[in-house]
DNA sequence: GCCGTTTTCGGCCCGACTGTTTTCAGTCG
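Numbering (my numbering), first residue to last: 6 to 578.
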């Protein structure tokens, strides 16, 4: 019984209860489903270790739901859930995935014409049976068929790196629509979540209709979900849905706050407003009928008694409490990183030379760059000790011709299966920056994998642990590491943990960054660039650092060159 | 069903759009 299994049962119970119009309980189960998905370790393990009391520690889980979770873990079944299923035996997950179908409609479809699966639904729609039902009509029938079509080609969530460019382009085009005063991207994209489900755009416009007309007719639009005076929603050819809202200038801040989310953060703000006898919605903060804030986000937070909370922190992971206590972190800024510490060149699998990479990094405003080509045990033929020495000489020569910029000698050294490194210590000691990384034996059991990387970090030459979990978003699972043990070892050995900014990696991820920051472990933010184009990806890594509450002081390559070199493990430079 | 600087009861965020409907329920975010 995995966490995902438990979460699925909780979510289905919520839907079943919604079908019967049960008040409030469904929200409780829904909340628990989200909470369980957010827990890093298996709930079964938590239960084994700490009993039912430990399960009740999960936010939103009380006595009753804890008992149900424990029953699920112990027996693999839950009578309460089985009863609900027996009453309405339908494929909840499949049917709710269809746009516009909710609990009430699913119940009607089952009771009136016996729809249990998406296949049943499609058959009924094609036979024209759905339009006959109460509260359904011809349009609902068409909408359902279209929804099934979209479901079949659904791609789920999108990596931020895959959508940010297009969204920025749409933003730029909207700015040029006549009568448009202001445009902003909101939602999870503004919070810089590593993957996003949809896009949210906010606009101030003199003639809202003109913006809406333009928006729904954009060349990328394949379907219009809805078009109104203030809100429209479309599906793009990439499969992603995008919402557009037009708001009055006086409500800009409140709307931006509302549509940036997260949902939980917004709910918490509304509760705060209620406590202060105020009402918060997307139009502003109101005392009775009188607007007391709304024009800027700062104003909205201000009347709630809070300092401005940066979007990357709005995930309901303690930011409200920190804001109230005045202990919000002074997050690292998007211009604060001075050097790039992981880059590959034509010496191994990169597309550009050392000179080209250095020139582009300098053009982007960096003060230094570490060249970290792969090492010998990698299948693609990485550098051996002799080649590394040749490269060091080449870099020395290049540095003589540079002003205000330094190329550092480095390597991305493979960690062998036993935790030893594939380059000898003598050579490593000659390098300025040694990154170590896992590229093989990705499937070792947790204890062995953890021992392996900790042994690598214990090497006095290992400055930085590159992309620690080796995950590739939506392609490769992270290696099985006891991340708390790795962070503790990083602290003990003074090894820097990397945030790999490459949008498919973002490794460490935000949650792990937060743990590292809390533990006082230093971070490096690097692009892992394999061509000059990748050098500009740094901001994705900085966003991840910000989402992990990192300040400038937590990041070694926010330091000027001398300070950065001094911050690495002592004794050899 | 959960939760508590409203704490063991009484609350639980709020509004736009759609479709089917003559005033609103359902869904979504």
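All C-beta atoms, glycine included, are put in the ideal place defined by N, C-alpha and C.
Can you list, in chain order, the residues of its chain with a C-beta nearer than 6 Å to that of residue 17? Leave out the 5 residues immediately preceding and following it. Cβ neighbours of residue 17 within its own chain (closer than 6 Å, five residues either side excluded): 97.
Which of helix, strand or coil does DSSP assign to residue 238? strand
Work out the CA separation of residue 468 and residue 401 for me, nearest whole Å. 21 Å
With respect to 7 Å, is the separation between the Cβ of residue 217 and the closest non-hydrogen atom of the ligand MG below this value? This structure does not include the ligand MG; it has no bound ligands of any sort.
With 16 other CB atoms within 10 Å as the buried threshold, where does residue 368 fall? exposed
Simplified DSSP assignment, three categories, for residue 128: Three-state result, residue 128: helix.
Please report the residue range of the alpha helix (DSSP H) in which residue 270 lies. 268-280
Pick helix, strand or coil for residue 286, following the three-state DSSP scheme. strand
In this structure, does DSSP put residue 316 in helix, strand or coil? helix
Excluding the 5 residues preceding and the 5 following residue 105 in the sequence, name in chain order all residues of the same chain whose CB lies nearer than 8 Å to its CB. 145, 148, 149 and 152
Excluding the five sequence neighbours on either side, which residues of its own chain have a C-beta within less than 6 Å of the C-beta of residue 552, listed in chain order? So the qualifying residues of the chain are 317 and 515.
For residue 380, which three-state DSSP category applies? strand
Go ahead and pull the three-state DSSP assignment for residue 119. coil
Report all residues from its chain with a CB closer than 7 Å to the CB of residue 14; omit the five preceding and five following residues, and keep chain order. Take residue 14, set aside five residues on each side of it, and the residues of its chain with a beta-carbon closer than 7 Å to its own are 77, 83 and 86, in chain order.
Could you tell me whether the Cβ atoms of residue 465 and residue 491 are closer together than 8 Å? no
Neighbourhood of residue 343 by C-beta, 8 Å cutoff - its chain only, sequence neighbours within 5 removed: Result list for residue 343: 371, 372, 373, 562, 563, 564, 565, 566 and 569, in chain order.
Based on DSSP bridge pairs, tell me the residues matched to residue 164. DSSP, once it has assigned bridges, lists 200 as partnering residue 164.
What does DSSP give as the partner residue(s) for residue 531 in the beta ladder? 505
Taking the DSSP output, what are the residues bridged to residue 417? 379 and 440
Rounded C-alpha distance that separates residue 555 from residue 541: C-alpha separation (whole angstroms): 20 Å.
Can at least three beta-carbon pairs, one atom from the stretch 166-176 and one from the stretch 186-204, be found at a separation below 8 Å? yes
Measure the C-alpha to C-alpha separation of residue 585 and residue 299 and round it to an integer number of angstroms. Only positions 6 to 578 of the chain appear in the structure, and residue 585 is not among them; the question remains open.
My guess is that residue 428 and residue 380 are in contact by the Cβ rule of under 8 Å, so how many angstroms apart are they, rounded? 5 Å
Suppose contacts are defined by Cβ-Cβ distances below 8 Å. Is residue 559 in contact with residue 527 by that definition? yes
Pairwise C-alpha distance: residue 192 and residue 2: With the chain covering 6 to 578 only, the question about residue 2 has no answer from this structure.
Taking only the alpha-carbon atoms, compute the straight-line gap between residue 293 and residue 132 and give it to the nearest angstrom. 52 Å
Going by C-alpha distance, which of 46, 34 and 533 is nearest residue 488? When each option's Cα is compared against that of residue 488, the closest is 46.
Considering only their Cβ atoms, is the gap separating residue 441 from residue 418 smaller than 8 Å? For residue 418 and residue 441, yes; Cβs fall inside 8 Å.
Find out if the Cβ-Cβ distance for the pair residue 571, residue 337 is shorter than 8 Å. no
Give the straight-line distance between the Cα atoms of residue 19 and residue 32, rounded to the nearest whole angstrom. 7 Å
Euclidean distance between Cα positions of residue 505 and residue 394: 26 Å
Is it buried or exposed for residue 248, if we count other Cβ within 10 angstroms and need 16 for buried? buried
Could you compute how far the alpha carbon of residue 314 sits from the alpha carbon of residue 446? 42 Å
Name the two residues that bound the continuous alpha helix (DSSP H) containing residue 38. 30-43
What does the Cβ neighbour count give for residue 95, buried or exposed, with the cut at 16 atoms within 10 Å? buried
Can you name the start and end residues of the alpha helix (DSSP H) that residue 215 belongs to? 213-221
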